[in-house]
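Residue numbers (our numbering): -11 to 187.
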Amino acid sequence: MERDSTWLIMKYQKRKSGAGFTLVEILVVIFIISLLGVITFANYREGGKSIALQRAAYKLAQDIRRVQEKATAAEECPIALCGGPPPVIPARYAITFDIAYPSSYFLFADLNDNGKYETTGDNPDRKIDVINLEEEVRINQVFCGSVSKTDIWISFKSPDPRIEIRHPGECPKNGKIELITNSQTKTVEVNTAGLIEIH
-11 MERDSTWLIM KYQKRKSGAG FTLVEILVVI FIISLLGVIT FANYREGGKS IALQRAAYKL
49 AQDIRRVQEK ATAAEECPIA LCGGPPPVIP ARYAITFDIA YPSSYFLFAD LNDNGKYETT
109 GDNPDRKIDV INLEEEVRIN QVFCGSVSKT DIWISFKSPD PRIEIRHPGE CPKNGKIELI
169 TNSQTKTVEV NTAGLIEIH
């Protein structure tokens, strides 16, 4: 019996001494793990930019809807901005996009009821909110129909709300805002019926 147990111990020790990884195997595993880490990190940065672009496009569409809701509800303009008392209900609420200011756009109360942003005259328009786009996302182009422009205004007039897309003349069918980050683009399209699409 003692001979059998000695033989088993020796057999186990022989097997154990040959078990393990060689230096080459360890280096190959470290190389593969490092390579996967580098690939993942590189795609993480690109994926983050793509997600930021998508978020910015959906936020822009949401802000257009917010302007439409303000007009539909005949929301009062804050007294600090538009004057009063009594509080002023603007004839229109609108949003403007200008490629000269590619990192932001703004909502405004169209007090002079002309569908475009003007800060001069008897009843100048008032900025309600300035929205800054996410880092590395920019307004690349704006379109009136299929024609590239430098800026456009999208206004909503209550109670319908009637929609006008202008530069400085009226756009017949739709307006488009193209956002860009690196080489990726998203386009937010608004038509005169109020339909908002993201492409």
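Where a beta carbon is used, it is the ideal one built from N, C-alpha and C, also for glycine.
Status (buried if at least 16 other CB within 10 Å, exposed otherwise) for residue i
| i | result |
| --- | --- |
| PHE96 | buried |
| HIS155 | buried |
| GLU191 | Absent from the structure is residue 191, since the part of the chain shown begins at -11 and ends at 187. |
| ILE14 | exposed |
| VAL118 | exposed |
| VAL12 | exposed |
Distance CB(residue i)-CB(residue j) smaller than 8 angstroms
| i | j | result |
| --- | --- | --- |
| ILE116 | LEU48 | no |
| GLY133 | PRO160 | yes |
| ASP139 | ILE186 | no |
| TYR81 | LYS104 | no |
| ASN120 | SER92 | yes |
| THR180 | LYS164 | no |
| GLU122 | ALA62 | no |
| TRP141 | THR60 | no |
| GLY182 | GLN56 | yes |
| THR184 | ILE21 | Reading off the sequence, residue 184 comes out as Ile, not Thr. It is not a contact, given that the beta carbons lie outside the stated cut-off. |
| ASP215 | THR107 | What is shown of the chain runs -11 to 187, which leaves residue 215 out entirely. |
Length of the line joining the Cα atoms of residue i and residue j
| i | j | result |
| --- | --- | --- |
| ARG54 | ILE67 | 19 angstroms |
| PHE9 | VAL16 | 11 angstroms |
| VAL26 | PHE19 | 11 angstroms |
| ASN111 | PRO75 | 15 angstroms |
| ILE127 | THR28 | 29 angstroms |
| LYS37 | GLY109 | 42 angstroms |
Nearest neighbour of residue i, chosen from the options [CA to CA]
| i | options | result |
| --- | --- | --- |
| GLU177 | PHE131, THR10, ASP148, LEU24 | PHE131 |
| ASN170 | GLY71, LEU11, ILE39 | ILE39 |
| VAL135 | GLU166, ASN100, ASP98, VAL118 | GLU166 |
| ASN100 | PRO78, PHE94, ASP148 | PRO78 |
Exercise for the section: Identify every run of the alpha helix (DSSP H) within the region 21 to 79, keeping only runs that are complete inside it and at least 4 residues long; order them along the chain. Expected result: DSSP runs (the alpha helix (DSSP H)) wholly in the region 21 to 79: 67 to 70.
Handout entry: Within the region 80 to 148, ranges of the beta strand (DSSP E) (whole runs, at least 3 residues)
Key = Segments of the beta strand (DSSP E) lying fully in the region 80 to 148: 80 to 86, 92 to 98, 114 to 120, 126 to 132, 135 to 137, 139 to 145.
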